[in-house]
Amino acid sequence: MNKIGKYRIRGLLGRGGMAKVYMVQIPVIDKIAAIKRLDPRETLQALMGENALRDLFIAEARTMAAIRHPNILEVLDYDEAEGRPYFLMEYYADNLGAIMGESYRAESASRVIRADKAFDFCSQTLAGLVRLHDAGIVHRDIKPFNLLVTERGLIKIADFGLSKLRGETFSGPSNLKIGSPYYAPPEQETAPDRVDARADLYAVGVTLYRMLTGRLPEKKLTPPSQINPGLDRGWDAFVRQSLEVHPSDRFTTARAMKKALAEVYADWQARQQEACDLRTDTTAATAPVMPLSDRLRSAPSKTAVALAREMFRVDALGRPAEYIANAFEVRPDGTVFDRTTRLFWEQAGSPYPVNWREADRYVDQLNREHLGGKQDWRLPTVDELTSILTEGLDVCIDPVFDPIQQRLWSCDRRSYTTAWYINVELGFVHWQDVSAPYYVRAVSSE
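Pasting the structure below:
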């Protein structure tokens, strides 16, 4: 299958029990979008019946289309092709599950997300839930993979296939599970028809706990501050209330939960600032570092996922196995020189995100402009990009590089249609489709 209706398929993005999601290209204007197409697994179709699944699919499209909010994914069109309904949506390359490094074996360890980013992601999710719940809609499948992330870090709640309107009952078989293991609250497993907005709030609590600790919460809850020493008891109390077994003991509304989260974060931030004020040094905290014995690889490579850990010297979650002791020198011409690696960097980077093929054009422009008096700027390798990553974040130290450019393209390919990039903010290497809009930070050798 090369097309769905008039839309050319660029690749398969995901597969659920009821539908498949594709990356597609809109004809004439060539804009990239996503299509969700009804394509149920045989077991689900046998349980539910084709007509019931079609009704659920159409209801999902109508629910998403009826809500307009910055934190909710927008539906653009609906149609049918070859007897199957589909709807067109905005396309975003990232989701929170991928950023966290969560695999489909959900119990495996994931990346710990900095408290400021975890707060931001959860606060945005709760803002979207305020809008949904005010409209009487319970999502029932909030989890990291259903939270898309734009190139500017905006959360978009997606996948409304399991959502329900207030008072609506489920017509499917009683033994069909609604929601995702670990993220669905206890009451949703036993009585999915009777859950209310507090079911979604429980899922937000699980997501926050996982971001702060890199683990899923267990029955006997370990306070986040005992796992992540950068947190305080305010986070512990918030998470504990979010994950209460009985809905009546949780936050009552998304609005109330969002307000409480903001208070926890403000108190934590104030304590962080107090600690910074007491410090007398102006250098970053010491992390395990690697003495640089050889020049970093500068030639582009094509590296498959199976070879990436060895090639890029990263762990299973894409984080550097060792860190370089940088000696950055910020220069007035908009460049940064690292005396350790002998590399020059743009201090900022591209002012807007571009796809991978446009990245070279941006670098060519720098060379025409003679940035820093140089004409040998190029797209960096993964090895060069990871050399500017630091382990963790010292909140008391001003960043050397412009903080806007967080996802940076490398010159290294994974395949013809995918390339490697690094997330500077969260410190890991991953791959993405070359159509994704990421930033460029050019490099030049001494």
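Basically the working numbering = 1-based index in the sequence shown + 50. Beta carbons are placed, not taken as given, at the ideal position from N, Cα and C, and that holds for glycine. Nothing here was measured: the structure is a model prediction, and the numbers come from that model.
Closest to Asp-184 by C-alpha separation, out of Gly-255, Ala-306, Ile-82, would be which residue? Taking the sequence shown and counting its residues from 1, the one referred to as residue 184 is at position 134. If we check each option's Cα against that of Asp-184, Ala-306 comes out closest.
Can you check the stretch 347-394 for any beta strand (DSSP E) of at least 3 residues that lies completely inside it and give the ranges in chain order? 378-380, 385-388
What three-state label does DSSP hand Asn-405 in the structure shown? Along the sequence shown, read from residue 1 onward, the residue named residue 405 stands at position 355. Note: Asn-405 maps to coil in three-state DSSP.
Spatial distance of Arg-457 from Pro-449 (CA atoms): Within the sequence shown, the letter at position 407 stands for residue 457. Within the sequence shown, the letter at position 399 stands for residue 449. In a straight line, the C-alpha of Arg-457 is about 16 Å away from that of Pro-449.
Apply the 10 Å Cβ neighbour rule to Thr-440 and answer buried if 16 or more other Cβ atoms are within range, or exposed otherwise. In the sequence shown, residue 440 corresponds to position 390, counting from 1. By the neighbour-count rule (16 or more Cβ atoms within 10 Å), Thr-440 is buried.
Using 10 angstroms around the beta-carbon of Met-261, count the other beta-carbons present and answer buried if the total reaches 16, otherwise exposed. Along the sequence shown, read from residue 1 onward, the residue named residue 261 stands at position 211. Buried, by the Cβ-count rule.
Nearest CA to the CA of Leu-258: which residue from Pro-194, Arg-345, Arg-60? Indexing the sequence shown from 1 puts residue 258 at position 208. Answer by Cα proximity: Pro-194.
Backbone secondary structure at Gln-482 - three-state DSSP: As a working mapping, residue 482 is identified with position 432 in the sequence shown. Gln-482 falls in the strand class under three-state DSSP.
For Gln-75, list the residues DSSP reports as bridge partners. Taking the sequence shown and counting its residues from 1, the one referred to as residue 75 is at position 25. Paired residue(s): Arg-58, Ile-82.
Distance, Cα to Cα, Gly-516 vs Glu-434? Any answer about residue 516 is impossible in this case: the structure gives the chain only from 51 up to 496.
Decide if Lys-308 is buried, meaning its Cβ has at least 16 other Cβ atoms within 10 Å, or exposed. One-based indexing of the sequence shown puts residue 308 at position 258. Lys-308 comes out buried.
Mark Asn-121 as exposed unless 16 or more other C-beta atoms lie within 10 angstroms of its C-beta, in which case mark it buried. Counting from one through the sequence shown, the residue named residue 121 turns up at place 71. Asn-121 comes out buried.
Would you check if there are 3 or more beta carbon pairs closer than 8 Å linking the stretch 91-111 to the stretch 168-176? no
Label Gln-425 either buried or exposed according to how many other C-beta atoms from any shown protein chain fall within 10 Å of its C-beta, with 16 as the threshold for buried. The count along the sequence shown starts at 1 and reaches residue 425 at position 375. By the neighbour-count rule (16 or more Cβ atoms within 10 Å), Gln-425 is not buried but exposed.
Is DSSP giving Thr-431 helix, strand or coil here? Taking the sequence shown and counting its residues from 1, one reaches residue 431 at position 381. Here Thr-431 sits in coil by DSSP.
Under the three-state DSSP convention, the category Thr-468 falls into: Taking the first residue of the sequence shown as 1, we reach residue 468 at position 418. Correct three-state label for Thr-468: strand.
How about the stretch 235-246 and the stretch 197-205: do they share at least three Cβ pairs that are nearer than 8 Å? no
Ala-83 vs Val-71 beta-carbon contact at 7 Å: As a working mapping, residue 83 is identified with position 33 in the sequence shown. As a working mapping, residue 71 is identified with position 21 in the sequence shown. Not in contact: Ala-83 and Val-71 (Cβ atoms no closer than 7 Å).
Between the CA atoms of Ala-148 and Asp-80 - distance to the nearest angstrom: The residue given as residue 80 occupies position 30 in the sequence shown. The residue given as residue 148 occupies position 98 in the sequence shown. Roughly 26 Å separates the two Cα atoms.
Beta-carbon within less than 8 Å of Pro-338's beta-carbon, same chain only, minus the 5 sequence neighbours each way: which residues are those? On the sequence shown, position 288 is the one that residue 338 refers to. Any answer about Pro-338 is weak, because its pLDDT of 47 lies below 50 and its placement is not dependable; what the coordinates show is given next. So the qualifying residues of the chain are Glu-372, Tyr-373, Glu-441.
In the DSSP assignment, the alpha helix (DSSP H) including Val-180 goes from what residue to what residue? Along the sequence shown, one-based indexing puts residue 180 at 130. Unbroken alpha helix (DSSP H) run through Val-180: 165-184.
Decide if Ala-469 is buried, meaning its Cβ has at least 16 other Cβ atoms within 10 Å, or exposed. By one-based count along the sequence shown, residue 469 stands at place 419. So Ala-469 ends up on the buried side.
Of the residues Trp-406, Met-139, Gly-67, the one placed nearest Leu-198, counting alpha carbons only: Counted from its first residue, the sequence shown places residue 198 at position 148. Closest by alpha carbon: Met-139.
Residues bridged to Glu-396 [DSSP beta-bridge criterion]: By 1-based counting over the sequence shown, the position of residue 396 is 346. Answer is Thr-385.
Rounded C-beta distance between Phe-394 and Gly-422? I'm assuming under 8 Å. Position 344 of the sequence shown, counting from 1, holds the residue named residue 394. Position 372 of the sequence shown, counting from 1, holds the residue named residue 422. The Cβ separation is near 6 Å, so the contact holds.
Can you give the Cα-Cα distance for Glu-496 and Thr-436, rounded to whole angstroms? Indexing the sequence shown from 1 puts residue 496 at position 446. Indexing the sequence shown from 1 puts residue 436 at position 386. The alpha-carbon atoms of Glu-496 and Thr-436 are separated by roughly 18 Å.
Residues near Arg-321 by beta carbon distance below 8 Å, same chain, minus five either side: The sequence position of residue 321 within the sequence shown is 271, counting from 1. Closer than 8 Å at Cβ, skipping near neighbours: Asp-282.
Helix, strand or coil for Gly-423? Go by DSSP, reduced to three states. In the sequence shown, the residue the question calls residue 423 occupies position 373. Helix, per DSSP.
Would DSSP call Ala-492 helix, strand or coil? Numbered from 1 along the sequence shown, position 442 holds the residue referred to as residue 492. DSSP places Ala-492 in coil when its eight states are reduced to three.
In this structure, does DSSP put Tyr-141 in helix, strand or coil? Taking the first residue of the sequence shown as position 1, residue 141 is located at position 91. Correct three-state label for Tyr-141: coil.
Using the C-alpha atoms, what's the distance from Ala-409 back to Thr-353? Position 303 of the sequence shown, counting from 1, holds the residue named residue 353. Position 359 of the sequence shown, counting from 1, holds the residue named residue 409. The straight-line gap from Cα to Cα measures roughly 19 Å.
Between the Cα of Tyr-233 and the Cα atoms of Met-361, Asp-414, Glu-294, which residue gives the shortest distance? Against the sequence shown, residue 233 aligns to sequence position 183. If we check each option's Cα against that of Tyr-233, Glu-294 comes out closest.
Chain-order list of residues whose beta-carbon lies under 8 Å from that of Glu-157 (same chain, five-residue window excluded): Working through the sequence shown from its first residue, we reach residue 157 at position 107. Tyr-232, Leu-266, listed in sequence order.
Which word fits Lys-86, buried or exposed, when buried means at least 16 other C-beta atoms lie within 10 angstroms of its C-beta? Working through the sequence shown from its first residue, we reach residue 86 at position 36. It counts as buried.
For Ala-234, which three-state DSSP category applies? Taking the sequence shown and counting its residues from 1, one reaches residue 234 at position 184. DSSP places Ala-234 in coil when its eight states are reduced to three.
Sequence-distant residues of its chain with Cβ nearer than 6 Å to Ala-492 (five each side left out): Along the sequence shown, read from residue 1 onward, the residue named residue 492 stands at position 442. Only Glu-396, Val-413, Leu-416, Trp-427 meet the Cβ criterion.
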